[in-house]
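This report concerns only the one structure given below.
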Amino acid sequence: MATSAHRALSPVALPVLISRDAIAKRIAEIGAQIDRDYAGESVLLVGVLKGATIFLSDLARAISIQCTFDFVAVSSYGKGTRSSGAVKLIKDLDQPIENRNIILVEDILDTGLTLSFLKRMLMQHRPRTLRLATLLDKPDRRLEPIEAEYIGFNIPNHFVIGYGMDYAERYRNLRDICIFPPEAAD
Ligand code: IMP
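See the structure below:
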């Protein structure tokens, strides 16, 4: 993580919080951990659209055990940087998950409302195991008592964009995780 004194700038001149190299290194570690935890078994990675897609695609390639994908979508932050608090399922699973090992993959665990809602929903389908993987965790913002088994990075209470995460649907394609707006890094 860059310090504010020596903060790197992304190509769109936003302060970089976590560089692409740090992300790649951490995802390789999480992939190796998943391989150990599920040795000899298979997992279904369930990504939360749209923010988790880039994390899921890199995480899947860091995993050597048999793995398949599915996706769910929920109502999100909308166009701003604040949560509305309400979570609604917009896209359901495409396949049954009963008796399967599920890893729910999310970009960022913030208040915990989204993952608590999805965890409750998935548990109703009786998976064999259900674990949560989040690239980022903002523990200070939690409203629901939920923790992920696999966490990329704990971060302070900044709004971040890049590597799948957006502000008003923009910036998802940035390769580094950046602080938005730039003055929030000061
Ligand atoms: P939660 O329900 O508050 O835990 O929020 C989870 C969702 O909020 C994430 O999947 C993101 O879509 C969004 N979110 C929370 N914090 C940020 C952020 O800093 N940048 C971009 N999206 C965020």
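Quick note on numbering: the sequence shown equals residues 8 to 193 in this note's numbering.
Note that CB positions come from ideal geometry on N, CA and C, so glycine has one too.
Bear in mind the structure is a predicted one, so any value in this text is a computation, not a measurement.
Cut-off 8 Å between Cβ atoms - residues of its own chain near Tyr157, not counting five sequence neighbours on either side: Ile37, Gln40, Ile41, Ile110, Arg138, Leu139, Ala140, Thr141
Can you tell me whether Arg107 is buried or exposed? The criterion is at least 16 other CB atoms within 10 Å of its CB, across all chains shown. buried
Go ahead and label Met172 buried or exposed: buried means 16 or more other beta carbons lie within 10 angstroms of its beta carbon, across all protein chains shown. buried
What does a CB cutoff of less than 7 Å around Cys185 pick up in its chain, not counting 5 residues either side in sequence? Ser17, Leu21, Pro22, Val23, Leu24, Val167, Ile168, Gly169
Between which two residues does the alpha helix (DSSP H) harbouring Ala39 extend? 27–44
Taking the alpha-carbon positions, what's the Gly87 to Gly47 distance? With a pLDDT of 49 at Gly87, under the threshold of 50, the modelled position of that residue is not reliable, and the figure given next carries that caveat. Looking at the two C-alpha atoms, the distance is approximately 43 Å.
6 Å CB neighbourhood of Arg182 in its chain, flanking five on each side removed: Arg27
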